[in-house]
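The block underneath contains the structure these notes are about, expressed in structure tokens.
Protein chains: 2
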Amino acid sequence: MRTISWSEVNGGSIHLLDQTKLPGTIGELVIRDPKELVGAIQRLSVRGAPALGVTGALGVALILRNAEAENWSKESIAKSILELKNARPTAVNLAWGVSQVEPLIEGGSKKVLEKALALADDDANSCREMGRIGADFLVNKLGEKKLRILTHCNTGALASTEWGTALGVVRELHSRGLIEEVFTDETRPLLQGSRLTAWELAQAGIPYRILPDGAAASALFSGLIDAVLIGADRIAKNGDSANKIGSLSVAVAADQVAVPFLVVAPESTVDRSIDSGDRVEIEFRSDSEVTSFAGVNTAPVGSKTYNPAFDVTPARYITAVITDKRVYRVKEGEAL
Amino acid sequence: MRTISWSEVNGGSIHLLDQTKLPGTIGELVIRDPKELVGAIQRLSVRGAPALGVTGALGVALILRNAEAENWSKESIAKSILELKNARPTAVNLAWGVSQVEPLIEGGSKKVLEKALALADDDANSCREMGRIGADFLVNKLGEKKLRILTHCNTGALASTEWGTALGVVRELHSRGLIEEVFTDETRPLLQGSRLTAWELAQAGIPYRILPDGAAASALFSGLIDAVLIGADRIAKNGDSANKIGSLSVAVAADQVAVPFLVVAPESTVDRSIDSGDRVEIEFRSDSEVTSFAGVNTAPVGSKTYNPAFDVTPARYITAVITDKRVYRVKEGEAL
Chain A
709 MRTISWSEVN GGSIHLLDQT KLPGTIGELV IRDPKELVGA IQRLSVRGAP ALGVTGALGV
769 ALILRNAEAE NWSKESIAKS ILELKNARPT AVNLAWGVSQ VEPLIEGGSK KVLEKALALA
829 DDDANSCREM GRIGADFLVN KLGEKKLRIL THCNTGALAS TEWGTALGVV RELHSRGLIE
889 EVFTDETRPL LQGSRLTAWE LAQAGIPYRI LPDGAAASAL FSGLIDAVLI GADRIAKNGD
949 SANKIGSLSV AVAADQVAVP FLVVAPESTV DRSIDSGDRV EIEFRSDSEV TSFAGVNTAP
1009 VGSKTYNPAF DVTPARYITA VITDKRVYRV KEGEAL
Chain B
709 MRTISWSEVN GGSIHLLDQT KLPGTIGELV IRDPKELVGA IQRLSVRGAP ALGVTGALGV
769 ALILRNAEAE NWSKESIAKS ILELKNARPT AVNLAWGVSQ VEPLIEGGSK KVLEKALALA
829 DDDANSCREM GRIGADFLVN KLGEKKLRIL THCNTGALAS TEWGTALGVV RELHSRGLIE
889 EVFTDETRPL LQGSRLTAWE LAQAGIPYRI LPDGAAASAL FSGLIDAVLI GADRIAKNGD
949 SANKIGSLSV AVAADQVAVP FLVVAPESTV DRSIDSGDRV EIEFRSDSEV TSFAGVNTAP
1009 VGSKTYNPAF DVTPARYITA VITDKRVYRV KEGEAL
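Chains as they are written, first to last, in the working numbering: chain A, 709 to 1044; chain B, 709 to 1044.
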């Protein structure tokens, strides 16, 4: 399942599986206008670290196609690229994807598009590699037995171009017959766990249960979980990892009961320019994400919220970071 | 604000503020049939440890009124009382409320009703007392300054007959000018925090913010919280406390950053017949609470869930249990 692709129809467009509509509707967005792409990123129609990387690179190709057709000035191109790069502040992969193709901009949209499509293929391959490395790590650590895995948010094919990061490890384990059950946190406020991860698991025929985020500690303390697998949006040099809000809570509980807590993300998610997670800028999102659902108010009108999109899990709670290159045992003090 | 009352209209009925309809609708249930009362308890139209205690006692009066009017057999009365007592397995207060009036059953509905109404008054007084004891404890510990309090679920007037337990401490602090802001977890799956606690805080003019349950660890680790105040549905002799699912998660995070975590509940919540929380039976609730909202599916159709109503926070994470009698410093090993 490819969730992001390029089509040459009508002068070039990006096709995205619209994640805000799942699981009710499997709908595709066809995007020709770079401003529409920024909107789709901000609404989370496309989300997930690797998916945003590929989207960033394809977005530059889309900008250049528009620029070539309409004879944009260099300033207009630069401004449009900057808007794309800054569409979401915490996700390092979006800017990373843009930066991968920036040196090719002088060569025009064709060169940029070639590179962006190569990045999509690289992402698919790197997810398979992370899956193998992560599965081997868990089998070494816990033995060759069926595992009960807890995960948070969505780190599957929908978060990458295909296969997934943390969920890629689950898919790999499943292909080896080593998954008993996946516990997927519903992941408030936007329910990526119940809407997206559950949908992917159902499609793949992997047994799962959905739990409220607050129930993860109960599952861990009740001995129902063998390992936790999550993704990351940015990883500092020391291993501190920014990921979907609620990850820290799971990490702290897993640590208390000595259940392995693994962060699975491609090397492109590692930001070696920051020594620790203290320097990660956290995106705050709108009150309405928390105070209403499906058009129904869930709180008194006018309520304020505390609604950060991400939290930072300190390295001391992370058993290991799994990338497409290797395992980093950050809890033991290994830097990236 | 009294949330549970008795009326003599039409041969006697219990009036409940229907908590499932808030904050959209302020509606009252008028209940004459004991089976309806069991249904209302199971749907959580009335909930909260002290409120359930009073409801249990008033429920016995309602059963006897029906029995007297329709000449029920002793067996029918006993069966109806047992159904009421077992309407929810984890909440010890419901059975406690019933047991308080059971010795008076031979004396008829009048005696039982008198006792039940006295229990309602006792509850209101004990909440005020808990408020004072809890506020004094925090002022002693943290100094006479405006506090930022995190709370979970609803422990206010809606959870008791008036004033509240953990939220009673907040009300007392507010009356002393010592509340800066309350962070209220939305409390999935039934959103008692955003629907009920936020509504009570708004009514009382206390500043608040609502947060997804998964964001509590972020708020704690970011230094935004001075103390956590929660209620309890059952407290074991060693201080282990069963409370709304998600409480454990907050307790573990608060412990990591040395923020005081207080459980506030009347002595009637303490179950000295159990040495530790291991023996608390946990109620599991339906999948649909997690997989749909306001008639909209939030997960693939047929998804299974892990949906316990409560979790048990071990005493080692609880700074103190505050009752209407005194402070128990359970983290330091003090038993109840």
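Backbone N, C-alpha and C define an ideal beta-carbon position, used for all residues, glycine too.
Contact list for residue i against chain B, beta-carbon separation under 7 Å
i	result
Lys1012 (chain A)	Arg917
Phe929 (chain A)	Leu956
Proximal residues to residue i (C-beta, below 7 Å), its chain only, five neighbours per side dropped
i	result
Leu821 (chain B)	Trp714 and Ala769
Ala777 (chain A)	Gly719
Gly872 (chain A)	Cys835, Thr863, Gly864, Ala865 and Arg879
Ser976 (chain A)	Gly761, Asn801 and Trp804
Ser753 (chain B)	Leu724, Asp726, Gln727, Thr728 and Leu737
Ile1042 (chain A)	Reading the sequence as shown, one finds Glu at residue 1042 (chain A) and not Ile. Tyr1036.
Thr999 (chain B)	Asn1005, Thr1006, Ala1007, Ser1011 and Thr1013
Lys849 (chain A)	Pro968
Assigned exposure category for residue i - 16 Cβ within 10 Å defines buried
i	result
Ser817 (chain A)	buried
Asn794 (chain A)	exposed
Lys854 (chain B)	exposed
Ala786 (chain B)	exposed
Thr763 (chain A)	buried
Glu783 (chain B)	exposed
Leu898 (chain B)	buried
Gln750 (chain A)	exposed
Val1020 (chain A)	buried
Arg755 (chain B)	buried
Gly1010 (chain A)	exposed
Asp893 (chain B)	buried
Val806 (chain B)	buried
Asn779 (chain A)	exposed
Ser781 (chain B)	exposed
In DSSP terms, what residue i is bridged to
i	result
Ala950 (chain A)	A:Arg942 and A:Val1020
Lys1012 (chain A)	B:Arg917
His723 (chain B)	B:Ser713 and B:Val738
Leu855 (chain B)	B:Ile887
Tyr1036 (chain A)	A:Val1029
Thr892 (chain B)	B:Thr859 and B:Ile918
Ala935 (chain B)	B:Ile857
Leu812 (chain B)	Paired residue(s): none; Leu812 (chain B) is not in a bridge.
Phe969 (chain A)	A:Val936
Val978 (chain A)	A:Ile943
Phe845 (chain B)	DSSP, once it has assigned bridges, lists no residue as partnering Phe845 (chain B).
Ser788 (chain A)	Paired residues: none, contrary to the question.
Ser1083 (chain A)	With chain A represented from 709 up to 1044, any question about residue 1083 (chain A) goes unanswered, as that position is not in the structure.
Phe992 (chain B)	B:Pro1016
Cβ neighbours of residue i in the same chain (closer than 8 Å, five flanking residues each side left out)
i	result
Ala925 (chain A)	Ser957, Val958 and Ala961
Glu736 (chain A)	His723, Leu724, Leu725 and Asp726
Lys823 (chain A)	Ala765, Gln808, Val809 and Leu812
Ala1028 (chain A)	Phe845, Pro968, Leu970, Val971, Val1035, Tyr1036, Arg1037, Val1038 and Lys1039
Cut-off 6 Å between Cβ atoms - residues of its own chain near residue i, not counting five sequence neighbours on either side
i	result
Asp979 (chain A)	Val800 and Arg942
Lys729 (chain A)	Gly735
Ile982 (chain A)	Ala944
Leu745 (chain A)	Ile739 and Gly767
Ile841 (chain B)	Ile1030
Ala1023 (chain B)	Asn946, Gly947, Asp948 and Val1038
Contact list for residue i against chain A, beta-carbon separation under 8 Å
i	result
Pro1008 (chain B)	Pro731, Ala906, Trp907 and Ala910
Val998 (chain B)	Glu894, Ser902, Ile918, Leu919 and Pro920
Phe891 (chain B)	Tyr1014
Where residue i meets chain B, residues with beta-carbon distance less than 8 Å
i	result
Ala923 (chain A)	Ile953, Gly954, Tyr1014, Asn1015, Pro1016 and Asp1019
Neighbour list for residue i in chain A, Cβ cutoff strictly below 7 Å
i	result
Val960 (chain B)	Ala925, Val960, Ala961 and Gln964
Pro897 (chain B)	Pro920
Listed by chain order, chain B residues near residue i by CB distance under 9 Å
i	result
Ala1002 (chain A)	Phe1001, Ala1002, Gly1003, Val1004 and Thr1006
Item to check | Cβ pair count under 8 Å reaching 3, the segment 822-837 of chain B against the segment 899-907 of chain B | outcome: Segments in contact, no.
Next on the checklist: With a threshold of 8 Å, are at least 3 pairs of Cβ atoms found where one atom belongs to the segment 1013-1022 of chain B and the other to the segment 1004-1020 of chain A?
Outcome noted: The segment 1013-1022 of chain B, when compared against the segment 1004-1020 of chain A, does not touch it at the 8 Å Cβ threshold.
Checklist entry - Would you call the segment 887-895 of chain A and the segment 911-919 of chain A touching, i.e. three or more CB-CB distances under 8 Å? => result With the rule of 3 Cβ pairs closer than 8 Å, the segment 887-895 of chain A counts as touching the segment 911-919 of chain A.
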